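Residue numbers (our numbering), protein chains in the order written: chain H, 1 to 260; chain Y, 261 to 594. Ideal placement from N, C-alpha and C gives every residue a C-beta, glycine not left out. These numbers come from a predicted model, not from an experiment. Below is one structure, written out as structure tokens; the observations come after it.
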């Protein structure tokens with residue numbers, strides 16, 4: 001069996017007259033880490049929402065683990081899809097007070113039956129996820145009292161309890177300090193080495209080059225470029241991508257890109 | 261953290277509270293009956309007058325109060341999830357306004373009690389369909405659009421109500437005022453309301469986790485496999501129906517639907533049980549019902565033989581409680 005986790009053929013995605021990508025041919029296989037790079041407003045989040053099945057594509061074929069998207073209609077099993085594909089949103093909402101443990105346990109929803117309550121096993125999964133995000137001792141805290149970075153780590157922990165095969169991450173490093181940025185990227189790299197696939201919208205090409213083996217560049221006019229990070233992430237492409245001259249620096253064997 | 265066993269224990273305790281409140285309502289009044297005699301009278305034994313007063317007058321009224329309180333609290337809790345706003349109440353989308361227009365029109369025409377109730381129910385349904393039709397126009401379900409449409413429809417209904425009252429004959433005004441305040445004196449039979457309350461609670465139980473997810477945002481709910489549009493429509497329809505039945509039974513009783521879910525949620529958080537709709541919805545219904553039974557008992561005894569509209573009492577009690585809750589929220593963040 002060699003079904004890609006995510007497959008796009010001649011995919012066209014647009015929003016409000018703006019073309020995000022045109023004729024995108026793209027395969028994401030198990031074990032791969034992808035970065036999506038592009039300017040503000042280029043449609044990275046729109047593309048990610050389309051890949052997650054939240055909105056329909058304009059044209060073309062899109063499938064997650066062989067299930068064609070959009071995954072709607074009476075026969076669609078949304079919970080089965082949620083066991084395969086996880087999505088980290090850019091924004092978290094906490095209009096009501098709630099504990100951290102309760103919030104992280106929410107990720108178990110697709111694994112539980114309609115009448116089930118969360119079991120001790122679910123609770124252990126949730127606690128392990130909190131531990132992995134350096135949030136031991138937070139379980140009883142009210143989510144409304146968390147700082148921005150803590151809330152973001154909680155959202156990542158929630159995604160881990162979902163245990164998907166495909167992680168779609170919209171700016172996973174938002175609000176995180178440097179050490180937690182590195183920790184989260186390493187954590188997702190570990191997940192990929194264990195057989196998951198990750199697709200992350202990132203704003204730092206250095207992080208993309210360091211932690212993601214592959215990259216998809218969105219140029220804003222429907223043009224795109226996909227391939228191994230070592231090939232597509234370079235100063236010339238990034239200068240065109242961001243519309244600002246960039247320089248490549250090398251330190252400790254990693255490539256970093258700084259604006260001129 | 262809530263689990264099934266703890267939830268059942270809490271609900272069992274609240275059922276006890278509800279039974280207690282019903283006992284108080286049956287015993288209290290212009291003719292005081294001892295607790296032991298209350299039990300015997302329910303069974304149909306003992307003093308004939310006591311049987312008549314308790315089984316014929318107080319029991320239906322207390323049950324109607326319980327049903328209305330439960331319906332309003334449940335509808336309020338559902339609206340708060342739907343609008344993702346802890347300050348939403350069952351009337352925010354104009355349903356009570358529609359019911360008021362229907363009821364007062366029937367009163368103006370001098371129709372009988374049963375027809376007035378029918379008109380109230382029809383008015384509530386019309387308001388619900390109008391708000392839904394207007395807000396759903398572009399097939400999106402944005403909260404601000406739903407909320408704004410509801411508020412506009414409610415204020416439109418308010419204008420019509422004012423118009424009816426200004427042209428109504430003097431002697432009809434008191435009845436209209438009592439209806440608007442909320443009053444259990446004109447409820448016909450408690451059983452339809454009780455049945456709808458039970459059905460509503462049962463219908464929502466299997467969707468508890470879905471509601472928890474919806475209260476945390478549509479994207480998260482979608483990502484975790486909730487059929488967001490369908491569940492939201494279900495909540496809207498159910499909450500509207502519950503509210504319509506409540507206002508048909510007792511007019512627009514204020515504050516139960518707003519304060520009770522809020523109070524229950526706050527208590528659950530304080531006790532470390534989290535904010536879980538699987539416990540919150542039935543707990544709100546039981547607590548709201550008990551509260552309205554007690555408030556109504558107070559309303560018909562405090563200046564007896566004169567009766568107060570129970571809506572006045574719930575508002576008088578509700579306003580300070582709500583301001584207190586609102587005032588201490590920022591302190592919790594620190």
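* Note down the Cα distance separating residue 383 (chain Y) from residue 364 (chain Y), rounded to an integer number of angstroms. => The residue labelled residue 383 (chain Y) in the question sits at position 123 within the second chain. The residue labelled residue 364 (chain Y) in the question sits at position 104 within the second chain. In this structure, the CA atom of residue 383 (chain Y) is about 10 angstroms from the CA atom of residue 364 (chain Y).
* Asked: Within the 9 angstroms Cβ cut-off, does residue 269 (chain Y) reach chain H?
  -> Along the second chain, one-based indexing puts residue 269 (chain Y) at 9. Nearest CB-CB separation between residue 269 (chain Y) and chain H: not below the 9 angstroms threshold.
* Asked: Taking 9 angstroms as the CB-CB limit, is residue 239 (chain H) close to chain Y?
  -> As a first step, residue 239 (chain H) must be located in the first chain, where it is residue number 239. No, no contact with chain Y.
* Asked: What are the boundary residues of the beta strand (DSSP E) that residue 257 (chain H) is part of?
  -> For the purposes of this step, residue 257 (chain H) is taken as the residue at position 257 of the first chain. Looking at the DSSP string, the run of the beta strand (DSSP E) that includes residue 257 (chain H) is 254-259.
* To do: Kindly indicate if chain Y contains any beta-carbon less than 9 angstroms away from that of residue 142 (chain H).
  => Here residue 142 (chain H) refers to the residue found at position 142 when the first chain is read from its first residue. Chain Y contact via Cβ: present.
* With a threshold of 16 other CB atoms inside 10 Å of the CB of residue 453 (chain Y), please say whether the residue is buried or exposed. => Locating residue 453 (chain Y) in the second chain gives position 193, where the first residue counts as 1. By the 10 Å Cβ count, residue 453 (chain Y) comes out buried.
* Would you mind sorting residue 17 (chain H) into buried or exposed? The rule is 16 or more other CB atoms within 10 Å of its CB. => On the first chain, position 17 is the one that residue 17 (chain H) refers to. The residue is exposed, with fewer than 16 neighbouring Cβ atoms inside 10 Å.
* Asked: Which residues share a DSSP beta bridge with residue 36 (chain H)?
  -> For this step, residue 36 (chain H) is matched to residue 36 along the first chain. In DSSP, residue 36 (chain H) forms a bridge with H:201, H:216.
* **residue 239 (chain H) in three-state terms, based on DSSP** => Here the question's residue 239 (chain H) lines up with position 239 in the first chain. Helix.
* To do: Would you tell me roughly how many angstroms separate the C-alpha atoms of residue 553 (chain Y) and residue 331 (chain Y), rounded to the nearest one?
  => As a first step, residue 553 (chain Y) must be located in the second chain, where it is residue number 293. As a first step, residue 331 (chain Y) must be located in the second chain, where it is residue number 71. Their Cα atoms are separated by approximately 13 angstroms.
* Asked: Which residue from H:105, H:3, H:252 puts its Cα closest to that of residue 306 (chain H)?
  -> Residue 306 (chain H) lies beyond the stretch modelled for chain H, which goes from 1 to 260, so this question has no answer here.
* To do: Using the Cα positions of residue 251 (chain H) and residue 100 (chain H), report the straight-line distance between them to the nearest angstrom.
  => For the purposes of this step, residue 251 (chain H) is taken as the residue at position 251 of the first chain. For the purposes of this step, residue 100 (chain H) is taken as the residue at position 100 of the first chain. Between the alpha carbons of residue 251 (chain H) and residue 100 (chain H) lies a distance of about 39 angstroms.
* Asked: Under 9 angstroms Cβ-Cβ, which residues of chain H neighbour residue 521 (chain Y)?
  -> In the second chain, residue 521 (chain Y) corresponds to position 261, counting from 1. Here the premise fails: no neighbours, minimum Cβ distance about 10 angstroms.
* To do: Look at the Cβ atom of residue 36 (chain H), then the Cβ atom of residue 201 (chain H), and state whether they are nearer than 9 angstroms.
  => Counting from 1 along the first chain, the entry for residue 36 (chain H) is found at position 36. Counting from 1 along the first chain, the entry for residue 201 (chain H) is found at position 201. Yes; because the gap between Cβ atoms is below 9 angstroms, this pair is in contact.
* To do: Measuring alpha carbon to alpha carbon, tell me which of Y:370, Y:326, Y:474 ends up nearest residue 103 (chain H).
  => As a working note, residue 103 (chain H) is residue 103 in the first chain. For residue 103 (chain H), the closest of Y:370, Y:326, Y:474 by C-alpha to C-alpha distance is Y:474.
* Would residue 466 (chain Y) count as contacting chain H if we go by Cβ distances under 9 angstroms? -> To locate residue 466 (chain Y), count along the second chain from 1; it is residue 206. Yes, its Cβ sits closer than 9 angstroms to a Cβ of chain H.
* Should residue 479 (chain Y) be flagged as near chain H, meaning a C-beta pair shorter than 9 angstroms? -> Translated into the one-based positions of the second chain, residue 479 (chain Y) becomes position 219. Yes - at least one Cβ of chain H is within 9 angstroms of the one on residue 479 (chain Y).
* To do: Quickly, what does DSSP pair residue 265 (chain H) with across the bridge? List them, please.
  => Past the boundaries of the shown model lies residue 265 (chain H); chain H is included only from 1 to 260, so the question cannot be answered.
* Asked: Rounded to whole angstroms, how far is the Cβ of residue 10 (chain H) from the Cβ of residue 61 (chain H), which I believe are closer than 8 angstroms?
  -> Position 10 of the first chain, counting from 1, holds the residue named residue 10 (chain H). Position 61 of the first chain, counting from 1, holds the residue named residue 61 (chain H). Contact holds; Cβ gap of about 7 angstroms.
* To do: Anything in chain Y within Cβ reach of residue 162 (chain H), meaning under 9 angstroms, just list it in chain order.
  => Start at 1 with the first residue of the first chain, and residue 162 (chain H) comes out as number 162. Going along chain Y in sequence order, the residues near residue 162 (chain H) (Cβ under 9 angstroms) are 483, 484.
* **Pairwise C-alpha distance: residue 34 (chain H) and residue 197 (chain H)** => Here residue 197 (chain H) refers to the residue found at position 197 of the first chain. Here residue 34 (chain H) refers to the residue found at position 34 of the first chain. So the alpha carbons of these two residues sit roughly 8 angstroms apart.
* To do: Taking only the alpha-carbon atoms, compute the straight-line gap between residue 544 (chain Y) and residue 530 (chain Y) and give it to the nearest angstrom.
  => Looking up residue 544 (chain Y) in the second chain gives position 284. Looking up residue 530 (chain Y) in the second chain gives position 270. If you draw a straight line from the Cα of residue 544 (chain Y) to the Cα of residue 530 (chain Y), it is about 16 angstroms long.
* Asked: Over what stretch of residues does the beta strand (DSSP E) that includes residue 371 (chain Y) continue unbroken?
  -> Here residue 371 (chain Y) corresponds to residue number 111 of the second chain, with the count starting at 1. In the DSSP assignment, residue 371 (chain Y) falls outside any beta strand (DSSP E), carrying neither H nor E.
* Asked: By Cβ distance, which residues of its chain are closer than 6 angstroms to residue 12 (chain H), with the 5 residues on each side in sequence left out?
  -> For this step, residue 12 (chain H) is matched to residue 12 along the first chain. If we look at residue 12 (chain H) and ignore the five residues flanking it on each side, its Cβ neighbours are 22, 58, 59, 60.
* **Counted within 10 angstroms of its Cβ, other Cβ atoms place residue 170 (chain H) as buried (16 or more) or exposed** => On the first chain, residue 170 (chain H) is found 170 positions in, with the first residue counted as 1. Buried, by the Cβ-count rule.
* Asked: Under the rule that 16 or more other beta-carbon atoms within 10 Å means buried, what is residue 268 (chain Y), buried or exposed?
  -> Reading the second chain from its first residue, position 8 is the one you call residue 268 (chain Y). Around the beta-carbon of residue 268 (chain Y), fewer than 16 other beta-carbon atoms lie within 10 Å, marking it exposed.
* Taking only the alpha-carbon atoms, compute the straight-line gap between residue 405 (chain Y) and residue 117 (chain H) and give it to the nearest angstrom. => If you number the second chain from 1, residue 405 (chain Y) lands on position 145. If you number the first chain from 1, residue 117 (chain H) lands on position 117. Using only the alpha carbons, I get a separation of about 34 angstroms.
* Output yes if chain H places a C-beta closer than 9 angstroms to the C-beta of residue 405 (chain Y); else output no. => Within the second chain, numbered from 1, the residue matching residue 405 (chain Y) stands at position 145. No, because no Cβ of chain H sits closer than 9 angstroms to the Cβ of residue 405 (chain Y).
* Asked: Does the distance from the C-beta atom of residue 556 (chain Y) to that of residue 572 (chain Y) stay below 9 angstroms?
  -> Along the second chain, one-based indexing puts residue 556 (chain Y) at 296. Along the second chain, one-based indexing puts residue 572 (chain Y) at 312. Cβ atoms of residue 556 (chain Y) and residue 572 (chain Y): not closer than 9 angstroms.
* To do: Determine the closest residue to residue 53 (chain H) out of H:122, H:123, H:86, H:183, with distance taken between C-alpha atoms.
  => In the first chain, counting from the first residue as 1, residue 53 (chain H) sits at position 53. Looking from the CA of residue 53 (chain H), the closest CA among H:122, H:123, H:86, H:183 belongs to H:86.
* To do: Classify residue 99 (chain H) as helix, strand or coil using the three-state DSSP reduction.
  => Taking the first chain and counting its residues from 1, one reaches residue 99 (chain H) at position 99. In this structure, residue 99 (chain H) counts as strand in the three-state DSSP scheme.
* Closer than 9 angstroms by beta-carbon distance: list the chain H residues that pair up with residue 532 (chain Y), in chain order. => Here the question's residue 532 (chain Y) lines up with position 272 in the second chain. Taking the beta carbon of residue 532 (chain Y) as reference, the chain H residues within 9 angstroms of it are 99, 140, listed in sequence order.
* Under a CB-based cut-off of 9 angstroms, is residue 52 (chain H) close to chain Y? -> Within the first chain, residue 52 (chain H) is the residue found at index 52, counting from 1. Contact with chain Y is found for residue 52 (chain H), since one of that chain's Cβ atoms lies less than 9 angstroms from the residue's Cβ.
* To do: Count the other C-beta atoms from every protein chain shown that fall within 10 angstroms of the C-beta of residue 131 (chain H), then say buried if there are 16 or more, exposed otherwise.
  => Residue 131 (chain H) sits at position 131 when you count from the first residue of the first chain. Result: exposed.
* **Listed by chain order, chain H residues near residue 529 (chain Y) by CB distance under 9 angstroms** => If you number the second chain from 1, residue 529 (chain Y) lands on position 269. Against chain H, the beta carbon of residue 529 (chain Y) has neighbours under 9 angstroms at 96, 97, 98, 99, 142, listed in chain order.
* Asked: How is the alpha helix (DSSP H) around residue 314 (chain Y) delimited, first residue to last?
  -> In the second chain, counting from the first residue as 1, residue 314 (chain Y) sits at position 54. That residue, residue 314 (chain Y), is in no alpha helix (DSSP H); it is neither H nor E in DSSP.
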